[in-house]
Amino acid sequence: MSAISGKSILMIVENLPVPFDRRVWQEALALKNAGAHIRIICPVMKGFHKRFEVLEGIEIYRHPLPLEASGAFAYFIEYFAALTWEFYLCVKLFFKKKFHVIHGCNPPDLIFLVALPFKLFGVKYVFDHHDINPELFQVKFNKKGMLYKAVTLFERWSFKVADYSIATNESFKEIAINRAGMDAEKIKVVRSAPPAERFKIAPGKPEFKKGKSFLVGYLGIIGEQDGLDILMQTIKVLKDRNVDVHFAIIGGGTELANVKKLAAELAIDNDVDFYGIIYDDGEINDILNACDVCVNPDVPSEYNNLITTNKVMEYMSLKKPIVQFDLKEAHYSAGDSSLYASSDDIQDFADKINFLLENLKIRVGMGERGYNRFTKELSWESEKEKLVDLYEELFASTQ
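For the sequence shown, numbering that gives the first Met the number 0 gives the first residue as 0, with consecutive numbering after it.
Here's what the structure looks like:
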């Protein structure tokens with residue numbers, strides 16, 4: 000009998016609701032299908048307003064948040080409120096039916112505070128390391144100081160309290176070992192990746208091109224570190240060169256309004272459609288299938304250099320050639336299915352897009368190589384067994 004069968008796992012997510020957070024939802028489904036009883040605590044936001052619901056046999060408990068933070072004080076209010084709700088729900092659920100593991104997903108690196116008291120009752124803590132918060136802090140606030148030291152300390156404590164940790168790539172594993180001193184044997188790499196069946200390759204619908212010859216697409220979060228300002232300037236360069244191309248931007252975030260404002264200032268608002276957050280995968284599928292090239296304009300930084308972004312794999316799953324800056328983990332994911340622009344060079348980014356638009360054969364070849372790599376090595380089907388193996392090991396060690 001499987002060691003995981005019948006065990007109860009409580010997953011905690013602070014910054015996104017589930018199932019909107021696709022990685023957490025995929026993890027939850029994988030563990031449920033392996034025989035575990037799964038409950039999830041997450042916030043009410045982004046269209047998910049039910050305080051409680053059961054989806055595919057998984058219990059989801061949502062709590063309110065006072066605001067979506069954008070400054071240091073606002074983050075303090077958000078995190079304090081989230082931790083209070085998380086602890087309250089943990090106590091309530093523990094007395095309702097004991098859980099054996101708390102699976103905490105950062106950001107922030109504070110969920111260990113909720114897990115710590117339950118360790119006295121034999122509950123294990125698995126730290127799911129989604130984000131590198133010290134690097135993210137530098138990107139957001141462009142400074143180091145007492146707050147930065149606190150963020151670094153919270154990260155270290157998260158690993159110290161954890162019985163196991165999950166890294167999304169090898170760079171994150173190195174951080175856990177070298178910066179937090181965690182035992183390498185207790186760290187499992189489970190890469191973020193979409194399931195192979197999420198998107199389906201299909202003929203592109205020409206209406207998304209708005210009468211232009213080509214369409215370039217972006218799918219993802221629109222935040223400070225995501226480079227949409229660079230993409231807007233790239234669109235301006237291509238427009239000034241009279242390249243017959245339209246752009247489709249799918250996603251939302253704290254910088255969406257500023258990016259739209261920049262598009263208007265650059266007089267390119269007729270050359271780009273902002274679709275916002277789309278919850279229907281079929282609609283996303285239609286837009287991306289119409290794209291000739293997809294882009295990842297993540298700004299070169301220590302943070303972006305080390306993270307794995309789902310959008311790169313999602314492009315690869317649809318055989319789309321990619322243009323991005325040469326970042327370590329993005330390069331590892333995309334390999335030769337992408338062209339890599341020089342750091343912060345908007346002209347070069349535009350050159351790479353234009354080159355692909357002018358060369359159909361090269362686009363097709365890059366798309367095929369990316370698709371083959373995705374299906375054979377990078378899809379969620381390849382990764383979820385690693386997650387289940389971690390829990391099998393954890394529960395076997397406690398029997």
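Even for Gly, the Cβ is constructed at its ideal location relative to N, Cα and C.
Candidates the options: which alpha carbon is nearest residue i's?
{"i": "A179", "options": "A161, A201, R155, E196", "result": "R155"}
{"i": "M315", "options": "G216, H36, K159, Y60", "result": "G216"}
{"i": "L112", "options": "E85, Q137, P133", "result": "E85"}
{"i": "E58", "options": "F98, D239, K383", "result": "F98"}
{"i": "E20", "options": "V43, Q224, D239", "result": "First, the amino acid is wrong: residue 20 is Asp here, not Glu. That would be V43, whose Cα lies nearest to the Cα of D20."}
{"i": "V244", "options": "L218, F213, A262, M231", "result": "F213"}
{"i": "V53", "options": "L64, K45, H62, I39", "result": "I39"}
{"i": "V12", "options": "L261, A114, S4, P133", "result": "A114"}
{"i": "K235", "options": "V322, I248, Q346, M365", "result": "Q346"}
{"i": "K208", "options": "H128, C290, L230, V138", "result": "C290"}
{"i": "N284", "options": "A247, L28, Y302, K139", "result": "A247"}
{"i": "K139", "options": "A35, F126, G226, E328", "result": "G226"}
{"i": "D279", "options": "K172, G250, N295, N269", "result": "G250"}
{"i": "F348", "options": "Y147, V298, R372, Y302", "result": "V298"}
{"i": "R372", "options": "Y331, L28, E384, G222", "result": "Y331"}
{"i": "I174", "options": "M10, Q224, E134", "result": "E134"}
{"i": "D272", "options": "E206, N303, Y124, A333", "result": "E206"}
{"i": "N241", "options": "S164, V188, V23, D350", "result": "D350"}
{"i": "G275", "options": "A2, I220, L389, T374", "result": "I220"}
{"i": "F171", "options": "F126, M145, W379", "result": "F126"}
Just reading off the alpha helix (DSSP H) that residue i is part of, what are its end residues?
{"i": "N241", "result": "No alpha helix (DSSP H) holds N241; DSSP gives it neither H nor E."}
{"i": "S341", "result": "Run containing S341: none; DSSP gives neither H nor E here."}
{"i": "L261", "result": "255–264"}
{"i": "I361", "result": "359–372"}
Could you please give the first and the last residue of the uninterrupted beta strand (DSSP E) stretch that includes residue i?
{"i": "N295", "result": "292–295"}
{"i": "I186", "result": "186–188"}
{"i": "S7", "result": "7–12"}
{"i": "Q224", "result": "No beta strand (DSSP E) contains Q224, which DSSP labels as neither H nor E."}
{"i": "F354", "result": "Premise fails: F354 lies in the alpha helix (DSSP H), 345–356, not in any beta strand (DSSP E)."}
{"i": "G210", "result": "Here G210 belongs to no beta strand (DSSP E), and DSSP marks it neither H nor E."}
Please report how far the alpha carbon of residue i lies from the alpha carbon of residue j, in whole angstroms.
{"i": "E391", "j": "M181", "result": "20 Å"}
{"i": "L88", "j": "V363", "result": "50 Å"}
{"i": "A149", "j": "V122", "result": "26 Å"}
{"i": "Y60", "j": "T83", "result": "14 Å"}
{"i": "H102", "j": "E357", "result": "48 Å"}
{"i": "P106", "j": "D130", "result": "6 Å"}
{"i": "N309", "j": "G203", "result": "22 Å"}
{"i": "A33", "j": "E382", "result": "14 Å"}
{"i": "D108", "j": "N132", "result": "7 Å"}
{"i": "A201", "j": "L326", "result": "30 Å"}
{"i": "R190", "j": "L386", "result": "10 Å"}
{"i": "D162", "j": "D268", "result": "50 Å"}
{"i": "M312", "j": "R197", "result": "11 Å"}
{"i": "S157", "j": "L218", "result": "31 Å"}
{"i": "K118", "j": "S396", "result": "16 Å"}
{"i": "L28", "j": "K185", "result": "23 Å"}
{"i": "K211", "j": "K318", "result": "21 Å"}
{"i": "L237", "j": "A80", "result": "46 Å"}
{"i": "K399", "j": "L338", "result": "As displayed, the chain neither begins before 0 nor continues past 398, which places residue 399 out of reach and without an answer."}
{"i": "E254", "j": "I229", "result": "13 Å"}
{"i": "F324", "j": "P193", "result": "22 Å"}
{"i": "A333", "j": "P296", "result": "14 Å"}
{"i": "L261", "j": "E380", "result": "40 Å"}
{"i": "F47", "j": "W24", "result": "14 Å"}
{"i": "K96", "j": "S4", "result": "16 Å"}
So, helix, strand or coil for residue i, using DSSP?
{"i": "Y278", "result": "coil"}
{"i": "V17", "result": "coil"}
{"i": "I248", "result": "strand"}
{"i": "F198", "result": "coil"}
{"i": "D388", "result": "helix"}
{"i": "D272", "result": "strand"}
{"i": "G407", "result": "Because residue 407 is not part of the residues shown, which for the chain are 0 to 398, the question remains open."}
{"i": "M231", "result": "helix"}
{"i": "S1", "result": "coil"}
{"i": "I267", "result": "coil"}
{"i": "S396", "result": "helix"}
{"i": "S381", "result": "helix"}
{"i": "K204", "result": "coil"}
{"i": "A183", "result": "helix"}
{"i": "A27", "result": "helix"}
{"i": "R178", "result": "coil"}
Every unbroken beta strand (DSSP E) inside the segment 95–174 [3 residues or more]:
100–104, 123–128, 163–166
Pick out the complete beta strand (DSSP E) segments inside the segment 35–97, 3 residues or longer, and give them in chain order.
36–42, 51–54, 57–62
Entirely within the segment 291–334 and at least 4 residues each: give me those alpha helix (DSSP H) ranges in chain order.
301–305, 309–316, 327–333
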